[in-house]
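Undergrad: Residue 81 in full-length UniProt numbering sits at position 81 of the sequence shown, with consecutive numbering throughout.
Ideal Cβ positions, reconstructed from N, Cα and C, are used throughout, including at glycine.
Quick caveat: nothing in here was measured; it's all calculated off a predicted structure.
To start, I am sharing the structure in question, which I have written as structure tokens.
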Amino acid sequence: MTGPPPPVSVYRSPEARPLQSLWVSIGILTILPGIAAGFLYLVPPENNTAAMVAAFIPYGLVADLIATVCFAIALVRARRRLALALLTGVSALLLIMQLIWIGPQFVADRRPARTAPFTVASLNMKIGSADVDQIRSIAERVDILILVEVTPTAYTAVRDATADRLDSVVPAGISSGNQSMILSRFTLTDAKELRSTSPQWSATVAVPGIGPVNLIAAHPCNPFCGGDLWVTEHRSLLSRAEQLDGRPEVIAGDFNATSDHRPLRRLERHGFVSATDIVGRGWLPTYPANVRLLPPLIQIDHVLVNRRLTVTAIDTFPIDGTDHLGLITRLAGA
Numbered sequence: 001m002t003g004p005p006p007p008v009s010v011y012r013s014p015e016a017r018p019l020q021s022l023w024v025s026i027g028i029l030t031i032l033p034g035i036a037a038g039f040l041y042l043v044p045p046e047n048n049t050a051a052m053v054a055a056f057i058p059y060g061l062v063a064d065l066i067a068t069v070c071f072a073i074a075l076v077r078a079r080r081r082l083a084l085a086l087l088t089g090v091s092a093l094l095l096i097m098q099l100i101w102i103g104p105q106f107v108a109d110r111r112p113a114r115t116a117p118f119t120v121a122s123l124n125m126k127i128g129s130a131d132v133d134q135i136r137s138i139a140e141r142v143d144i145l146i147l148v149e150v151t152p153t154a155y156t157a158v159r160d161a162t163a164d165r166l167d168s169v170v171p172a173g174i175s176s177g178n179q180s181m182i183l184s185r186f187t188l189t190d191a192k193e194l195r196s197t198s199p200q201w202s203a204t205v206a207v208p209g210i211g212p213v214n215l216i217a218a219h220p221c222n223p224f225c226g227g228d229l230w231v232t233e234h235r236s237l238l239s240r241a242e243q244l245d246g247r248p249e250v251i252a253g254d255f256n257a258t259s260d261h262r263p264l265r266r267l268e269r270h271g272f273v274s275a276t277d278i279v280g281r282g283w284l285p286t287y288p289a290n291v292r293l294l295p296p297l298i299q300i301d302h303v304l305v306n307r308r309l310t311v312t313a314i315d316t317f318p319i320d321g322t323d324h325l326g327l328i329t330r331l332a333g334a
């Protein structure tokens, strides 16, 4: 007589994890730009191509946040967790680093105003194509107007349109190409040209209640210029700023660099602080400003001041015909 048949073992497949691979895939795809952003911040490039990519470093924060969330969800759902735990840790570390870099920009400096304010506006005219009537409207609200990419025709049009308000102008004229221009309702003196691809100008303005204030209309070449011009022209700009005499100083214009790029970090080390940092305005993208349905993506237009000045407000303004937003800034003696 035979005994009962041996028990049959039944294989049970692991319970399916719907969407698990999707969470992991999204995490991997987003952590890669996060890693690139972190590397470019820690090792600021002076290579032209890498410098263009580095303009988008702030977007690493978004990439790191998405990666951290996706890996964390996948980790909770996973059976084998070591690899996902490592990926979650790396993405969380990158996220924390980005917050440490960006966070201070949203915290106002304690730099009180000790004088009456004066107002500075700056704008890239896009090779003279910005609407002059709109520029005249801005000029009526400010004490100093700094323009870059000014052509001879634009120079004459802006000078004539704003003469009843801003009657002191540097340079005395533009005969060819495009360069910077400073207009002021206070007297401008000590005009000096900083030779570059698009000539930049500095001057001294006598601001009531403060005294002489040094101004530089900044427009170093962008990374597309090639030939290391982006690096060399930024070094020339820093050298000009250092040559000035320690008075209150404003450097404003289109820097073709973000605060994450090495040239602006050099200026910061030499005591120049972005107006957006001083008021805690944070990230204020200005370019490109003429793409339909797309907001400006990067912040390459800046107003920098030294320790002798403070900032009480800053905002952007649009002008037809140009691909940059302008900046209007209220400053005072510190």
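Whose C-beta lies closer than 6 Å to the C-beta of Leu309 among residues of the same chain, with five residues either side of it excluded?
TA: Pro248, Leu331, Ala334
Undergrad: Assuming the contact rule is C-beta atoms closer than 8 Å, Val170 and Leu188 should be a hit. Round their C-beta distance to whole Å, please.
TA: Sure, about 5 Å apart at Cβ, within 8 Å.
Undergrad: Quick check on the DSSP output: what are the complete alpha helix (DSSP H) runs of length 4 or more inside the stretch 132 to 200, in order along the chain?
TA: 132 to 139, 152 to 162
Undergrad: Quick check: what's the CA-CA separation for Asn178 versus Tyr59?
TA: 32 Å
Undergrad: Taking Cβ positions, are Gly38 and Ala67 nearer each other than 8 Å?
TA: No Cβ-Cβ contact shorter than 8 Å links Gly38 with Ala67.
Undergrad: Out of Arg262, Ser180, Ala36, state which residue places its alpha-carbon closest to the alpha-carbon of Arg235.
TA: Arg262
Undergrad: For Ala203, which of helix, strand or coil comes out of DSSP?
TA: strand
Undergrad: Who does Gly211 pair with in a DSSP beta bridge?
TA: Val207
Undergrad: Examine the Cβ distances between the stretch 48 to 64 and the stretch 90 to 109 and report whether three or more of them are shorter than 8 Å.
TA: yes
Undergrad: The alpha helix (DSSP H) with Glu242 in it runs from where to where?
TA: 229 to 243
Undergrad: Among Asp143, Met125, Ile182, which one has its Cα closest to the Cα of Ala154?
TA: Met125
Undergrad: What's the C-alpha gap between Phe272 and Ala130?
TA: Taken atom to atom, the span from the alpha-carbon of Phe272 to that of Ala130 is near 28 Å.
Undergrad: Mapping the DSSP letters down to three states, classify Glu249 as helix, strand or coil.
TA: strand
Undergrad: Give, in chain order, every unbroken run of the alpha helix (DSSP H) that is at least 4 residues long and sits entirely within the stretch 79 to 119.
TA: Qualifying alpha helix (DSSP H) stretches, in chain order: 82 to 102.
Undergrad: What's the gap between the Cα of Arg281 and the Cα of Pro18?
TA: 42 Å
Undergrad: Tell me where the beta strand (DSSP E) around Gly333 begins and ends.
TA: For Gly333, the enclosing beta strand (DSSP E) covers residues 326 to 333.
Undergrad: Out of Met181, Ile278, Leu325, which has the shortest C-alpha to C-alpha gap to Gly103?
TA: Closest by C-alpha distance to Gly103, out of Met181, Ile278, Leu325, is Ile278.
Undergrad: What are the start and end residues of the beta strand (DSSP E) that includes Asp64?
TA: Here Asp64 belongs to no beta strand (DSSP E); instead the alpha helix (DSSP H) covers 60 to 77.
Undergrad: Answer yes or no: do Ile174 and Val205 have a C-beta to C-beta separation smaller than 8 Å?
TA: No.
Undergrad: Assuming Val303 and Ala217 make a contact with CB atoms under 8 Å, what is their CB distance in whole Å?
TA: Actually they are not in contact, since the Cβ atoms of Val303 and Ala217 sit about 11 Å apart, beyond 8 Å.
Undergrad: Within this structure, are the beta carbons of Thr322 and Ala289 separated by less than 8 Å?
TA: yes
Undergrad: Could you check if Gly246 is buried or exposed, using at least 16 other CB atoms within 10 Å of its CB as the buried criterion?
TA: Counting Cβ neighbours within 10 Å, Gly246 comes out exposed, since fewer than 16 surround it.
Undergrad: Determine the direct distance from the alpha carbon of Ala50 to that of Thr197, and round the result to whole angstroms.
TA: Rounded to whole angstroms, Thr197 to Ala50 spans 21 Å at the Cα level.
Undergrad: Does the Cβ of His324 have 16 or more other Cβ atoms within 10 Å, making it buried, or fewer, making it exposed?
TA: buried
Undergrad: Locate the alpha helix (DSSP H) running through Asp277, then write down its first and last residues.
TA: 275 to 279
Undergrad: Mind checking who His302 pairs with in its DSSP beta bridge?
TA: Gly253
Undergrad: In terms of alpha-carbon separation, which member of Asn256, Ile210, Arg269, Thr30 lies closest to Thr232?
TA: Per the Cα distances, Asn256.
Undergrad: So does the stretch 41 to 55 actually touch the stretch 211 to 225, counting three or more Cβ pairs closer than 8 Å?
TA: yes
Undergrad: For Ala113, I'd like the list of residues in its chain whose CB is within less than 8 Å of its CB, leaving aside the five on either flank, ordered along the chain.
TA: Thr310, Thr312, Ala332, Gly333, Ala334
Undergrad: Have a look at Arg12 and Thr88 and give me their C-alpha separation to the nearest angstrom.
TA: Summary for Arg12: the model assigns pLDDT 49, below 50, so the residue's position carries little reliability, and this model does not support an answer.
Undergrad: For Ser13, which three-state DSSP category applies?
TA: With a pLDDT of 44 at Ser13, under the threshold of 50, the predicted position of this residue should be treated as unreliable, though the coordinate-derived value follows. Of the three classes helix, strand and coil, the one that applies to Ser13 here is coil, per DSSP.
Undergrad: Helix, strand or coil, according to DSSP, for Pro318 in the structure here?
TA: Coil, per DSSP.
Undergrad: By the DSSP assignment, the alpha helix (DSSP H) with Ala51 in it spans what residues?
TA: 48 to 54
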